[in-house]
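**Q** Each residue of the sequence shown is one higher than the one before, starting from 1 at the first, in full-length UniProt numbering.
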Amino acid sequence: MKIHHIDYPEIPETGGREYSVAAGFFDGIHRGHQEVIGHALEVAREQGLVPAVMTFDPHPSAILGNRKEVTYITPYKQKMQLLEEMGTDTVFVIRFTKEFASMSPEQFIDCYIRKLGVRHITCGFDFSFGRFGKGKPEDLENMSGGDYGVSVIGQVSEEEEKISSTRIRLMLSEGDVSGAAELLGRPLMTDGTVIEGDKRGRLIGFPTANVDPVPGSCLPAPGVYAARFETDGMIHDGVLNAGYRPTFKDPSDTFLSVEVHLLDFDGDLYGKEVRVRWIRRIREERKFSGIEELKVQIGRDKEEARQILAAHPDS
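Set out below in C-alpha cells:
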C-alpha cells in the first residue's frame, strides 16, 4: 500500500493515476466508516480506478481545539494496517494544520480532488471540509462541474442510534468493550511493547506482561477484563488488569497501567511488540484487604475469563 504524506500546499506526484477516494478522519474504522470505505473500493472496481483513502493527521481537535493530548481508537500505524487489510491501494495522509484548515471549500476541491486525480469521492453524510467546516457533501456535488462523481453514505445505526467514534469512546470510558466491539465490527485492539514491571504478580503466583501502549492509545476504564494477547504470530488467552498507578516522578500524577496474565503460557516476553484485544469486562477495579484475598479474587477472575473467551472463539 502506497502512503502519501502531504503538507499543504503540496500536491504529490501520482504519475497520472486516477482514484476512487473515501474521505474522512476514520478514527476507529468502525462499521459506519467501513460502509464509506467499502463503497469507494466498490466504485474503484466498477470504474477501473485506484482504490484510495484520504485522511488527516493529527486529529483536527488537536489543532483547532488546542488540546494538549488527543487519543485515538486506532492510532496511526494500526489505522494504516486496517486500511490495507480492507484492500486500499493508496492512502493520502494530509497533515492537519491551521493553514490547511483555512482553505476555502473551493480551494480544497481544486487542490485535493481535481489536481490529485480523484475521479470519484465517497464520504459520510456528516463530512465537512474547508474553513470552519463550511464545505458539506452537497457542495462536493454542486462544485464538481462533471470532473468527478460523488457518493454520500447515510447514517449507519445500531439500535436506532448512530454509530460514531464519540459513541464508542463513551462506551470505552464506561468499560463496555463488548459494546464497543459491536460498533467497531471487531474487538478494541491496543498495540504496545512489553516492559519490565515491579514483578508483584510473579511473587503471588500470577505473573503478568506489562504492556506499554503506543502513544495516543484510547484505553477503556480501569477494571479487570477477559482479553486476548497476540505476539510473534501467536494468540494467547488472558485476564487483563487496567489500573491507575502513581508515577515515579510525581506520586500525585497517575497513569493507566495495562497488565495481562496469560492463562496458558510461560516464557520471556520482555521487549516484544504485542497486540491486546479487549473482549469483555469482568469487574471494576477494587482494593483488597491483603494478598490472600487478592489471590482468591484473581483465581475467580481467571476462571471467568476462561468462560468468556471460550464463548468468543473468533474474537
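Beta carbons: idealized from backbone N, C-alpha and C, even for Gly.
Candidates G233, C218, G130, A101: which alpha carbon is nearest M171's?
**A** As a first step, residue 171 must be located in the sequence shown, where it is residue number 171. Of the candidates G233, C218, G130, A101, the one whose C-alpha sits nearest the C-alpha of M171 is C218.
**Q** Given that a residue counts as buried once 16 or more other Cβ atoms are within 10 Å of its Cβ, and exposed if not, what is Q34?
**A** Sequence index remark: in the sequence shown, residue 34 carries index 34 (1-based). It counts as buried.
**Q** Check I153 in the structure and name its three-state DSSP category.
**A** Locating residue 153 in the sequence shown gives position 153, where the first residue counts as 1. Three-state result, I153: strand.
**Q** Taking S104 and P187 to be in contact with their CB atoms under 8 Å, please state how far apart those CB atoms are, rounded to whole angstroms.
**A** The residue labelled residue 104 in the question sits at position 104 within the sequence shown. The residue labelled residue 187 in the question sits at position 187 within the sequence shown. Contact flag wrong, Cβ pair sits at about 41 Å.
**Q** Grab me the residues of G24's own chain with a C-beta within less than 7 Å of its C-beta, minus the 5 sequence neighbours each way, in chain order.
**A** Here residue 24 refers to the residue found at position 24 of the sequence shown. These residues qualify, in order along the chain: H33, V36, T55, C123, G124, F127.
**Q** According to DSSP, is D212 helix, strand or coil?
**A** Mapped onto the sequence shown, residue 212 falls at position 212. In this structure, D212 counts as strand in the three-state DSSP scheme.
**Q** Quick one: grab the DSSP three-state call for P187.
**A** Here the question's residue 187 lines up with position 187 in the sequence shown. Looking at P187 - three-state DSSP - the assignment turns out to be coil, as it is neither helix nor strand.
**Q** By the three-class DSSP mapping on this structure, what secondary structure does R31 have?
**A** Here residue 31 corresponds to residue number 31 of the sequence shown, with the count starting at 1. Reduced to three states, the DSSP call for R31 is helix.
**Q** Would you mind working out which of V296, G216, V118, G179 sits nearest G48, comparing C-alpha positions?
**A** In the sequence shown, the residue the question calls residue 48 occupies position 48. Checked all of V296, G216, V118, G179; the closest Cα to G48 is V118.
**Q** Give me whichever residues DSSP pairs with D237 in a beta bridge.
**A** For the purposes of this step, residue 237 is taken as the residue at position 237 of the sequence shown. R228, per the DSSP bridge assignment.
**Q** Measuring alpha carbon to alpha carbon, tell me which of G238, V177, S257, S144 ends up nearest P213.
**A** By one-based count along the sequence shown, residue 213 stands at place 213. Comparing Cα-Cα distances from P213 to each of G238, V177, S257, S144, the minimum goes to S257.
**Q** Can you list the beta strand (DSSP E) stretches of 3 or more residues lying completely in the stretch 44-122, in chain order?
**A** Complete beta strand (DSSP E) runs here, min 3: 50-57, 90-95.
**Q** Does DSSP classify I3 as helix, strand or coil?
**A** For the purposes of this step, residue 3 is identified with residue 3 of the sequence shown, where counting begins at 1. It is a strand residue.
**Q** Counting only the same chain and skipping the five closest in sequence on each side, list residues whose C-beta sits under 8 Å from that of Y270.
**A** Indexing the sequence shown from 1 puts residue 270 at position 270. Contacts found: V194, I195, E196.
**Q** Check H312 in the structure and name its three-state DSSP category.
**A** Position 312 of the sequence shown, counting from 1, holds the residue named residue 312. If DSSP states are grouped into helix, strand and coil, H312 belongs with coil.
**Q** Taking one C-beta from the stretch 37-45 and one from the stretch 157-168 each time, how about it: are there three or more such pairs within less than 8 Å?
**A** Because the criterion of three Cβ pairs below 8 Å is not met, the stretch 37-45 and the stretch 157-168 do not touch.
**Q** What is the C-beta distance between E227 and G238, in whole angstroms, given that I count them as a contact (C-beta under 8 Å)?
**A** Residue numbering aside, residue 227 sits at position 227 when the sequence shown is read from its first letter. Residue numbering aside, residue 238 sits at position 238 when the sequence shown is read from its first letter. The amino acid occupying residue 227 in the given sequence is Ala; Glu does not appear at that position. Indeed they touch by this definition, with Cβ atoms about 5 Å apart.
**Q** For I6, I'd like the list of residues in its chain whose CB is within less than 7 Å of its CB, leaving aside the five on either flank, ordered along the chain.
**A** Numbered from its first residue, the sequence shown carries residue 6 at position 6. Answer for I6: P12, F92, V93, I94, R95, listed in chain order.
**Q** So what does DSSP say about T166, is it helix, strand or coil?
**A** For this step, residue 166 is matched to residue 166 along the sequence shown. Reduced to three states, the DSSP call for T166 is helix.
**Q** Measure the beta-carbon distance from F229 to L262 and round it to whole angstroms, keeping in mind my assumption that it falls under 8 Å.
**A** Counted from its first residue, the sequence shown places residue 229 at position 229. Counted from its first residue, the sequence shown places residue 262 at position 262. About 6 Å separates the two Cβ atoms, so the contact holds.
**Q** Indicate the three-state DSSP secondary structure (helix, strand or coil) for E37 in the structure shown.
**A** Position 37 of the sequence shown, counting from 1, holds the residue named residue 37. Per the sequence presented here, residue 37 reads as Ile, with Glu not at that position. Note: I37 maps to helix in three-state DSSP.
**Q** Might you give, ordered along the chain, the residues of its own chain that have their beta carbon closer than 6 Å to the beta carbon of H312, omitting 5 neighbours on each side?
**A** Mapped onto the sequence shown, residue 312 falls at position 312. Excluding positions up to five away in sequence, the list reads I279.
**Q** Hey, how far is the Cα of V260 from the Cα of F206?
**A** Within the sequence shown, numbered from 1, the residue matching residue 260 stands at position 260. Within the sequence shown, numbered from 1, the residue matching residue 206 stands at position 206. Between V260 and F206, the C-alpha separation is close to 10 Å.
**Q** Taking the continuous beta strand (DSSP E) assigned at E273, which residues delimit it?
**A** Working through the sequence shown from its first residue, we reach residue 273 at position 273. It spans 273-283 - the beta strand (DSSP E) in which E273 sits, taken as one unbroken run.
**Q** Using the beta-carbon count (16 or more within 10 Å), is I113 buried or exposed?
**A** As a position in the sequence shown, residue 113 is number 113, starting the count at 1. Result: buried.
**Q** Looking at V70: is its Cβ nearer than 8 Å to the Cβ of G192?
**A** The sequence position of residue 70 within the sequence shown is 70, counting from 1. The sequence position of residue 192 within the sequence shown is 192, counting from 1. Not closer than 8 Å, so no.
**Q** Check this for me: beta carbons of T14 and L116, under 8 Å apart or not?
**A** By 1-based counting over the sequence shown, the position of residue 14 is 14. By 1-based counting over the sequence shown, the position of residue 116 is 116. Yes, the Cβ-Cβ distance between T14 and L116 is below 8 Å.
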